[in-house]
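Peer 1:
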Amino acid sequence: MREIVDILSVLTSEAKLVWGEKGLSISVVDGSHVALLSATIGDECFETYEVEPVEIGLDLQKMRDLLTLAGPSDLVEMDYDDAVGAINVRVGEVLMILRGIDTSTMDNPNQPNLEFKSKATIGSEKLSRALRAAKFVGGEVDLSMDKNQLAVSVTVEAGEGVNVKFESGELSELVCASPTHSTYSLQYLGELTKKLAGGFTNEVSLEFEEKYPLRLTWMSNDGGARWTYFLAPRIVND
Numbered sequence: 001m002r003e004i005v006d007i008l009s010v011l012t013s014e015a016k017l018v019w020g021e022k023g024l025s026i027s028v029v030d031g032s033h034v035a036l037l038s039a040t041i042g043d044e045c046f047e048t049y050e051v052e053p054v055e056i057g058l059d060l061q062k063m064r065d066l067l068t069l070a071g072p073s074d075l076v077e078m079d080y081d082d083a084v085g086a087i088n089v090r091v092g093e094v095l096m097i098l099r100g101i102d103t104s105t106m107d108n109p110n111q112p113n114l115e116f117k118s119k120a121t122i123g124s125e126k127l128s129r130a131l132r133a134a135k136f137v138g139g140e141v142d143l144s145m146d147k148n149q150l151a152v153s154v155t156v157e158a159g160e161g162v163n164v165k166f167e168s169g170e171l172s173e174l175v176c177a178s179p180t181h182s183t184y185s186l187q188y189l190g191e192l193t194k195k196l197a198g199g200f201t202n203e204v205s206l207e208f209e210e211k212y213p214l215r216l217t218w219m220s221n222d223g224g225a226r227w228t229y230f231l232a233p234r235i236v237n238d
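Below is the structure:
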C-alpha cells in the first residue's frame, strides 16, 4: 500500500479508490490537468481481499504519514465504515481513523484513446538516471526514437546540455516505424521515474510521437498491477 500511495502522491494529494470484487482501480490527474495516472490492481496483490464494491476518497498525505510507521513485515489493514464515511487503517498495533473525502467532487479522468507507432521498453533505473541528468540542465526534456535507438536530451541557451542514448541492444523492446520526437515537462516525470526505479518495477515502456502525449506503462506486484501514465506534450507555437 505504501508504494501505491507514494506513486499517486507524485500527482495529487487526494485520490478516489474504486474497490471492486476483483481488485482496486484508481485514476488521478494533477492540478493543471497535464498528467494522468491510472492503475488496475488485482485482488491477488493483497494478502486478504474481502470487499463489497465501494468508492472511497482518500487523503494521500495522511495515509503516507501513517504508513511511515509500518515496518518491513507489517501488514496494512483497511476497513471502511460506510455508515459514518470513515476509513479504519491498522498498522501493527496502531489504529488510525481517517475521514473519507466526498468522491462526488473529485475528477473522473478517462485515459485518452491513442494509437502509437513507436514503443521502447527500458530498465527503470536507466530511464530514471537519464531524466535526473536532464533535470540538472533544464525543466523540459526532448525524447526521440528511431529504429536503432531511444534518446533523452536537453539543450539550453547557455550552451549546456545533456544527451543520453540507448541503442536497441540496451532495450528490451524497440519498435519505431519512422523517426519521431517530442518534448515534455520534467516536473512530474523525473520524480515519478525515480520512484519507479526504487524497486517498484524493473522496466517501463515509453510511447510517444510529435505533439502527442507521452504514455508510460509498467507492471508491478509480479504482474498483478498494471499502471498507465499520460503526460501532455510541450508545444511551442511558431
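Read in the numbering used here, the sequence shown has 64 at position 64, and its numbers run on one by one without any break. Glycine residues also receive a C-beta, built at the ideal position from the N, C-alpha and C atoms. All values reported here derive from a predicted model rather than from experimental measurement.
For D81, list the residues DSSP reports as bridge partners.
Peer 2: Paired residue(s): A86.
Peer 1: As a quick exercise: from D82, I26, M1, pick the residue whose alpha carbon is nearest that of E52.
Peer 2: Comparing Cα positions, the closest option is D82.
Peer 1: Judging by CA-CA distance, which residue of A39, V175, V5, I4 is the nearest neighbour of Y229?
Peer 2: If we check each option's Cα against that of Y229, A39 comes out closest.
Peer 1: When you compare the region 89-105 with the region 49-64, are there three or more beta-carbon pairs, one atom per stretch, that lie closer than 8 Å?
Peer 2: With the cut-off at 8 Å, the region 89-105 and the region 49-64 touch.
Peer 1: Rounded to whole angstroms, what is the Cα-Cα separation between K195 and P112?
Peer 2: Taking the straight line from one Cα to the other gives about 24 Å.
Peer 1: Could you please give the first and the last residue of the uninterrupted beta strand (DSSP E) stretch that includes V175?
Peer 2: That run of the beta strand (DSSP E) goes 173-176.
Peer 1: What are the boundary residues of the beta strand (DSSP E) that V98 is part of?
Peer 2: First, the amino acid is wrong: residue 98 is Leu here, not Val. Looking at the DSSP string, the run of the beta strand (DSSP E) that includes L98 is 94-99.
Peer 1: Note down, one range per segment and in chain order, each beta strand (DSSP E) of at least 3 residues found wholly within the region 116-156.
Peer 2: Segments of the beta strand (DSSP E) lying fully in the region 116-156: 118-123, 140-145, 149-155.
Peer 1: Since I believe L171 is in contact with I97 (beta carbons under 8 Å), could you give me their beta-carbon distance rounded to a whole number of angstroms?
Peer 2: No, I97 and L171 are not in contact; Cβ-Cβ is about 47 Å, not under 8 Å.
Peer 1: In this structure, does DSSP put I235 in helix, strand or coil?
Peer 2: Three-state DSSP puts I235 in coil, outside helix and strand.
Peer 1: Measuring CB to CB, does S182 end up less than 8 Å from E140?
Peer 2: Not closer than 8 Å, so no.
Peer 1: Reducing DSSP to helix, strand and coil, say where D74 ends up.
Peer 2: Coil at D74, not helix or strand.
Peer 1: For F200, which residues from the same chain have a beta carbon less than 6 Å from its beta carbon, with the 5 sequence-adjacent residues on both sides left out?
Peer 2: These residues qualify, in order along the chain: E3, S220.
Peer 1: Just to confirm the assignment, what range does the beta strand (DSSP E) spanning G161 have?
Peer 2: Start and end: 161-167.
Peer 1: If we ignore side chains and look at the alpha-carbon of each, how far apart do E44 and W19 end up?
Peer 2: Approximately 13 Å, taken between the alpha carbons.
Peer 1: Quick test of your reading: L17 and I26, contact by CB under 8 Å. State the CB separation rounded to the nearest angstrom.
Peer 2: With 8 Å as the limit, L17 and I26 qualify as a contact, their Cβ atoms being about 6 Å apart.
Peer 1: What first and last residue would you give for the alpha helix (DSSP H) that runs through M63?
Peer 2: M63 -> alpha helix (DSSP H) spans 60-67.
Peer 1: Look at the Cβ atom of E125, then the Cβ atom of A225, and state whether they are nearer than 8 Å.
Peer 2: Taking 8 Å as the Cβ cut-off, E125 and A225 do not qualify as a contacting pair.
Peer 1: For the structure I just gave you, are there three or more beta carbon pairs, one from the region 137-154 and one from the region 162-179, closer than 8 Å?
Peer 2: They touch, by the three-pair rule.
Peer 1: When we look at the beta-carbon of F208 and count the other beta-carbons within 10 Å, is it buried (16 or more) or exposed?
Peer 2: It counts as buried.
Peer 1: CA-CA distance, V76 and E14?
Peer 2: Cα to Cα, V76 sits roughly 19 Å from E14.
Peer 1: Could you have a look at G31 and say whether DSSP puts it in helix, strand or coil?
Peer 2: Coil.
Peer 1: Would you mind giving the Cβ-Cβ distance between E203 and W218, rounded to the nearest angstrom? I have them listed as a contact below 8 Å.
Peer 2: About 7 Å; that satisfies the 8 Å criterion.
Peer 1: Which of helix, strand or coil does DSSP assign to E191?
Peer 2: Reduced to three states, the DSSP call for E191 is helix.
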